[in-house]
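For the sequence shown, our numbering assigns the number 2 to the initial residue and increments by one for each residue that follows.
Backbone N, C-alpha and C fix where the C-beta goes; we use that ideal spot for every residue, glycine too.
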Amino acid sequence: MRYNTGNPVGTDGSSDPRDLYDNSGVIDVWATDRTRVTAPDRLGVERRTLYGMEQQVAEWLAAQGFEPVPLIYVDGTQLTVDRPTQLIQRNDNLYSVKLPATFPVGLSGTWADDQNLLVAQVDRSLRDELASASGASMIGYRQRTVADRLNDTANVKDYGAIADGTYHPLSERFASLAQAQVVYPHATALTDSIDWAAYQAAINSGCPRVHAPGGHYVMNKGTLATRDIVYTGDGYSTRVDFSMASGPGSCMLTQGELTQIGGLGASIVKGARSITFAAAPDLVPGDVIVVYNPTNGSWLADRDPYRAGEMWKVHSISGNVATIYGNSSSVYLSSEVQVYRLRGVRVSANEMHFSPSDTYSIAPFKVLFGDGVKVSNYWASDVTLYTGLEVERCFDVMINMASTPNRSPAVNDEYGLTISNCHNFAVYGGNAAATRHAVAIGGMDDICCVPNRHGLIYGMLLDNVDIASDIGAGDMHGNADKITYDNCVFRNGVIMSGRDATVRNSLIYGVSSADGECIYGTEIYGGTFTIENNKFISYGIGASVGYIHLSPGTSLAEALLIVARNNTFELPNAGATSKPMFLRARNSPRPCSVNINGMHIHMAAVALQGFLAADDQIKATLDSNYLIIDNVYGPAGTPLLVATAKNANVPTRQMRQAGAVNVTTTAAATIAAPAQTIRYPYSKLPNVSVAVSSQSGGDQSTVGSVAPIPIAYNVGTGNIRPAMIASSGSFASGNTARLHWVASLDDI
Numbered sequence: 002m003r004y005n006t007g008n009p010v011g012t013d014g015s016s017d018p019r020d021l022y023d024n025s026g027v028i029d030v031w032a033t034d035r036t037r038v039t040a041p042d043r044l045g046v047e048r049r050t051l052y053g054m055e056q057q058v059a060e061w062l063a064a065q066g067f068e069p070v071p072l073i074y075v076d077g078t079q080l081t082v083d084r085p086t087q088l089i090q091r092n093d094n095l096y097s098v099k100l101p102a103t104f105p106v107g108l109s110g111t112w113a114d115d116q117n118l119l120v121a122q123v124d125r126s127l128r129d130e131l132a133s134a135s136g137a138s139m140i141g142y143r144q145r146t147v148a149d150r151l152n153d154t155a156n157v158k159d160y161g162a163i164a165d166g167t168y169h170p171l172s173e174r175f176a177s178l179a180q181a182q183v184v185y186p187h188a189t190a191l192t193d194s195i196d197w198a199a200y201q202a203a204i205n206s207g208c209p210r211v212h213a214p215g216g217h218y219v220m221n222k223g224t225l226a227t228r229d230i231v232y233t234g235d236g237y238s239t240r241v242d243f244s245m246a247s248g249p250g251s252c253m254l255t256q257g258e259l260t261q262i263g264g265l266g267a268s269i270v271k272g273a274r275s276i277t278f279a280a281a282p283d284l285v286p287g288d289v290i291v292v293y294n295p296t297n298g299s300w301l302a303d304r305d306p307y308r309a310g311e312m313w314k315v316h317s318i319s320g321n322v323a324t325i326y327g328n329s330s331s332v333y334l335s336s337e338v339q340v341y342r343l344r345g346v347r348v349s350a351n352e353m354h355f356s357p358s359d360t361y362s363i364a365p366f367k368v369l370f371g372d373g374v375k376v377s378n379y380w381a382s383d384v385t386l387y388t389g390l391e392v393e394r395c396f397d398v399m400i401n402m403a404s405t406p407n408r409s410p411a412v413n414d415e416y417g418l419t420i421s422n423c424h425n426f427a428v429y430g431g432n433a434a435a436t437r438h439a440v441a442i443g444g445m446d447d448i449c450c451v452p453n454r455h456g457l458i459y460g461m462l463l464d465n466v467d468i469a470s471d472i473g474a475g476d477m478h479g480n481a482d483k484i485t486y487d488n489c490v491f492r493n494g495v496i497m498s499g500r501d502a503t504v505r506n507s508l509i510y511g512v513s514s515a516d517g518e519c520i521y522g523t524e525i526y527g528g529t530f531t532i533e534n535n536k537f538i539s540y541g542i543g544a545s546v547g548y549i550h551l552s553p554g555t556s557l558a559e560a561l562l563i564v565a566r567n568n569t570f571e572l573p574n575a576g577a578t579s580k581p582m583f584l585r586a587r588n589s590p591r592p593c594s595v596n597i598n599g600m601h602i603h604m605a606a607v608a609l610q611g612f613l614a615a616d617d618q619i620k621a622t623l624d625s626n627y628l629i630i631d632n633v634y635g636p637a638g639t640p641l642l643v644a645t646a647k648n649a650n651v652p653t654r655q656m657r658q659a660g661a662v663n664v665t666t667t668a669a670a671t672i673a674a675p676a677q678t679i680r681y682p683y684s685k686l687p688n689v690s691v692a693v694s695s696q697s698g699g700d701q702s703t704v705g706s707v708a709p710i711p712i713a714y715n716v717g718t719g720n721i722r723p724a725m726i727a728s729s730g731s732f733a734s735g736n737t738a739r740l741h742w743v744a745s746l747d748d749i
């Protein structure tokens, strides 16, 4: 029986003994009652009992998926799990039943079967904390947080990309454009694809690296980066697809900065190592200087966009003088040129796969105004218009192992890999294929579209298809300077143009026309064209233009020298009108010369028209410093040089040929051998010499008792009749001798 006095507690508690009596009963209930979760205190307020507190904690733990005592899993022993909150302990690991499930769940005791019914458990509260905004601060890595580490790379899926190969507009996630722009400020319409919005958001994040995990990203418009950036993927499985995009910029474009700066204080001479400005230039070491002549055709008159200019990287600045790496390859008059500063973006793209727009001619991946562009392990697919990859007006470019097939029809400019107006570039390995040029080295019609210069294409496979125009798989447009193809396979043909072009160590198939030409070039600036250590295979006849056909015209700016060394030709269909090399000038204003040193003709069944044909289609005579043909092999009767009135007065050196014939004297003063055929006829009467020996090759100062004098009894361009005359009187009958002859042309 409680007193229930209702006395207030007061500052020091109640001093009434009756309240002490009531409190002892209350405490007893709170501590020992096992049925009630609450009980009233002395003043009638409900308070949780210890039993109630235990129940509250147990309920909370159950709500968190936790029961304090796990079931013990013993291999080979069946176990029943009654509730989803029960944990199962096997060794040092905790598991729970994988949901959804129907309880009770029976475990067989065979772990190989049971593990598929269970899921490993972690500290769920800790997991929640780590997933919170402050979670990264709980774990430090060296001197940084997890957030710092994660922000090194922007993963496009973290920004919402779906990448399932289906077009998903922003309208799937947002009711209005305003809502979408809260997440994607760059969005302009609810029809923008989510993949595009996520990719551009990752680029805009400022992270140095943007990574796209494997997946098919559907982009309905292009992305743009104007900063240094690294793009990465997971190889071919990372496909960035712009097939839905249309219009300018429908690609992954990375673009640097081009700015016009002050003019020159002095003209630039050929070979210059520094550039003098009219005033201190706005340049710092590492910038790229672009000197540009805007006059149409100022590099080569064949086309207006072939404009002169050059790029150099700045080493240092002193006053108004910039010291450059390298040197100037041409002369640039201060009155004719403009000067620009290129602060290019540094771009890398690795392990990625791209598809271009179906409706707009643009590469799916393009770098404009780059300085330090590195592309490796790159794939292009579904290219039906322009090209699979392009770098334009860039400095220091390296492309490694790219695959860029273009399956477009032959209706316009369709290429595999395109290099436009770039300096200091190299392409290593990979395969390019196209209707026209598999690799196109050309350019645009815009500011600072200078010639391509100092380029190396090494170890590539270049293929194209059979079209009426017989376009070469490998290319150099006329705005090319010092471009080299090395260790490549061309199926079919390669074009050599510009200045100082080189093709070496390569396998070159001829195009499929009747002629089957392997090398072709008409837009020729001059310099040295080097063709060395190649194997040519052609199934054409090489008659009208030859297998190597170089045809400089009136735009020839410097003297041209063609150096052809150690080349082999496999020509099963060659005939009497075939020409392995044809220099066919077209009113060229400067000398065009040839030096052939090593040419092997294989499989030709009959004598060809000549190893070298050289003339001018328009002029009465070919302007040439010399024509050299040496160390050649082919069908007997093939002339070294096709003789024409246009090359008759050109200085020439033609291969030394020799032979010997045995003679038996008669009682005559002159003993002449039968006419000896010179295997490869000369273009004009050769220089000859004759010597005499015994038939065994020993000394023979006399034949019989008479001293012989060797002479050339008769000489033609394709034969020689060696002879000997008696120094006095006549020879006696029946003596023998051997007459040796040597022929060559040695104008130079």
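- Message: Comparing C-alpha positions only, which one of R437, R240, D193 sits nearest to N351?
- Response: Here residue 351 refers to the residue found at position 350 when the sequence shown is read from its first residue. The candidate whose alpha carbon is nearest that of N351 is R240.
- Proximity winner among N92, N506, V58, S133, relative to I532 (alpha-carbon distances): On the sequence shown, residue 532 is found 531 positions in, with the first residue counted as 1. For the residues N92, N506, V58, S133, the minimum Cα distance to I532 belongs to N506.
- Message: Starting from P18, trace the alpha helix (DSSP H) in both directions and tell me its first and last residue.
- Response: On the sequence shown, position 17 is the one that residue 18 refers to. Where P18 is concerned, the enclosing alpha helix (DSSP H) stretches over 18-33.
- When the Cα atoms are used, what is the spatial distance from A40 to P18? For this step, residue 40 is matched to residue 39 along the sequence shown. For this step, residue 18 is matched to residue 17 along the sequence shown. Rounded to the nearest angstrom, the two C-alpha atoms are 21 angstroms apart.
- Message: Classify I28: buried if its beta carbon has 16 or more other beta carbons within 10 angstroms, exposed otherwise.
- Response: Walking along the sequence shown from the start, residue 28 turns up at place 27. Label assigned to I28: exposed.
- Could you name the residues that DSSP lists as bridge partners for I269? If you number the sequence shown from 1, residue 269 lands on position 268. BP columns for I269 point to Y333.
- Item | Straight-line gap, P85 to L100 (C-alpha atoms, nearest Å) | For this step, residue 85 is matched to residue 84 along the sequence shown. For this step, residue 100 is matched to residue 99 along the sequence shown. When rounded, the distance between both Cα atoms is 8 angstroms.
- N- and C-terminal bounds of the alpha helix (DSSP H) containing V184: One-based indexing of the sequence shown puts residue 184 at position 183. Counting along the chain, V184 sits inside the alpha helix (DSSP H) bounded by residues 178-184.
- Can you give the Cα-Cα distance for A649 and A637, rounded to whole angstroms? One-based indexing of the sequence shown puts residue 649 at position 648. One-based indexing of the sequence shown puts residue 637 at position 636. Rounded to the nearest angstrom, the two C-alpha atoms are 22 angstroms apart.
- Task: Could you check if S556 is buried or exposed, using at least 16 other CB atoms within 10 Å of its CB as the buried criterion?
- Result: In the sequence shown, residue 556 corresponds to position 555, counting from 1. Result: buried.
- Out of curiosity, what's the CA-to-CA distance linking A162 and H478? Residue numbering aside, residue 162 sits at position 161 when the sequence shown is read from its first letter. Residue numbering aside, residue 478 sits at position 477 when the sequence shown is read from its first letter. Each residue's alpha carbon lies about 41 angstroms from the other.
- Item | Nearest residue (CA-CA) to L561, options G543, Y387, N425, A586 | Within the sequence shown, numbered from 1, the residue matching residue 561 stands at position 560. Nearest option by C-alpha distance: A586.
- Determine contact between the region 247-259 and the region 220-230, defined as no fewer than three beta-carbon pairs at a distance below 8 angstroms. yes
- Task: Rounded to whole angstroms, what's the CA-CA distance from W197 to V219? Just pull it up for me.
- Result: Within the sequence shown, residue 197 is the residue found at index 196, counting from 1. Within the sequence shown, residue 219 is the residue found at index 218, counting from 1. Spanning the two alpha carbons is a distance of roughly 7 angstroms.
- In whole angstroms, what separates the C-alpha of E55 from that of E47? If you number the sequence shown from 1, residue 55 lands on position 54. If you number the sequence shown from 1, residue 47 lands on position 46. About 16 angstroms.
- Task: Note down the Cα distance separating H550 from V322, rounded to an integer number of angstroms.
- Result: Taking the sequence shown and counting its residues from 1, the one referred to as residue 550 is at position 549. Taking the sequence shown and counting its residues from 1, the one referred to as residue 322 is at position 321. Roughly 45 angstroms between the two C-alpha positions.
- Own chain, CB closer than 7 angstroms to P410, minus 5 neighbours either side, in chain order: Reading the sequence shown from its first residue, position 409 is the one you call residue 410. If we look at P410 and ignore the five residues flanking it on each side, its Cβ neighbours are T436.
- Message: Tell me the DSSP secondary structure of R394 in three-state form.
- Response: As a working note, residue 394 is residue 393 in the sequence shown. Coil.
- Opening and closing residue of the alpha helix (DSSP H) in which N203 lies: Mapped onto the sequence shown, residue 203 falls at position 202. Contrary to the premise, residue 203 reads as Ala rather than Asn in this sequence. Here the alpha helix (DSSP H) through A203 covers 195-205.
- Query: Where T233 and K375 are concerned, what is the direct C-alpha to C-alpha distance, given to the nearest angstrom?
  - Reply: Mapped onto the sequence shown, residue 233 falls at position 232. Mapped onto the sequence shown, residue 375 falls at position 374. Rounded to the nearest angstrom, the two C-alpha atoms are 12 angstroms apart.
- Write down every uninterrupted run of the beta strand (DSSP E) in the region 40-122 whose length is 3 residues or greater and which is fully enclosed by it, in chain order. 47-49, 80-82, 89-91, 94-98, 106-108, 119-121
- V633 versus G576: straight-line alpha-carbon distance, rounded: Here residue 633 corresponds to residue number 632 of the sequence shown, with the count starting at 1. Here residue 576 corresponds to residue number 575 of the sequence shown, with the count starting at 1. Cα-Cα distance, rounded: 18 angstroms.
- Please go through the same chain and pick out, in chain order, the residues whose beta-carbon is closer than 7 angstroms to the beta-carbon of N720, but skip the five residues on each side of it. The count along the sequence shown starts at 1 and reaches residue 720 at position 719. A676, Q677, T678, I679.
- Query: On the three-state DSSP scale, how would you describe G547?
  - Reply: As a working note, residue 547 is residue 546 in the sequence shown. It is coil, neither helix nor strand.
- Task: Report all residues from its chain with a CB closer than 8 angstroms to the CB of D446; omit the five preceding and five following residues, and keep chain order.
- Result: Position 445 of the sequence shown, counted from the first residue, corresponds to residue 446. Cβ neighbours of D446 beyond the five flanking positions: D305, P306.
- Task: Pull up the CB-CB distance for R308 and Y293, whole angstroms please, since I reckon it's below 8 angstroms.
- Result: The sequence position of residue 308 within the sequence shown is 307, counting from 1. The sequence position of residue 293 within the sequence shown is 292, counting from 1. Rounded to whole angstroms, the Cβ separation of R308 and Y293 is 7 angstroms, and the two are in contact under 8 angstroms.
- Message: Please give the ranges of any beta strand (DSSP E) in the region 329-376, keeping only runs that are unbroken, at least 3 residues long and fully inside the region.
- Response: 339-344, 346-356, 366-369
- With L642 as the anchor, note down where its beta strand (DSSP E) starts and where it stops. By one-based count along the sequence shown, residue 642 stands at place 641. Looking at the DSSP string, L642 is not in any beta strand (DSSP E), and its letter there is neither H nor E.
- Nearest residue (CA-CA) to G494, options D501, G547, I448: Residue 494 sits at position 493 when you count from the first residue of the sequence shown. The candidate whose alpha carbon is nearest that of G494 is G547.
- Item | DSSP beta-bridge partners of T296 | Taking the first residue of the sequence shown as position 1, residue 296 is located at position 295. In DSSP, T296 forms no bridge with anything.
- Message: Let's see if you can read the secondary structure: which residues bound the beta strand (DSSP E) around K158?
- Response: In the sequence shown, counting from the first residue as 1, residue 158 sits at position 157. It is not in any beta strand (DSSP E) - K158 carries neither H nor E in the DSSP assignment.
- Assign L145 to one of two classes, buried (16 or more other C-beta atoms within 10 Å of its C-beta) or exposed (fewer than that). On the sequence shown, residue 145 is found 144 positions in, with the first residue counted as 1. The amino acid occupying residue 145 in the given sequence is Arg; Leu does not appear at that position. R145 counts as exposed, since fewer than 16 other beta carbons sit within 10 angstroms of its beta carbon.
- Task: Could you say which of G272, G473, A121 lies nearest to Y96 if we only look at CA atoms?
- Result: Here residue 96 is taken as the residue at index 95 of the sequence shown, counted from 1. Nearest C-alpha to Y96: A121.
- Helix or strand or just coil, what does DSSP make of Y237? Looking up residue 237 in the sequence shown gives position 236. Three-state result, Y237: helix.
- Message: Buried or exposed, going by whether 16 or more other CB atoms sit within 10 Å of the CB of P723?
- Response: Counted from its first residue, the sequence shown places residue 723 at position 722. Buried, since its Cβ has 16 or more Cβ neighbours within 10 Å.
- Message: I'd like to know whether the C-beta atoms of A281 and I325 end up nearer to each other than 9 angstroms.
- Response: The residue labelled residue 281 in the question sits at position 280 within the sequence shown. The residue labelled residue 325 in the question sits at position 324 within the sequence shown. Result no, Cβ atoms of A281 and I325 do not sit closer than 9 angstroms.
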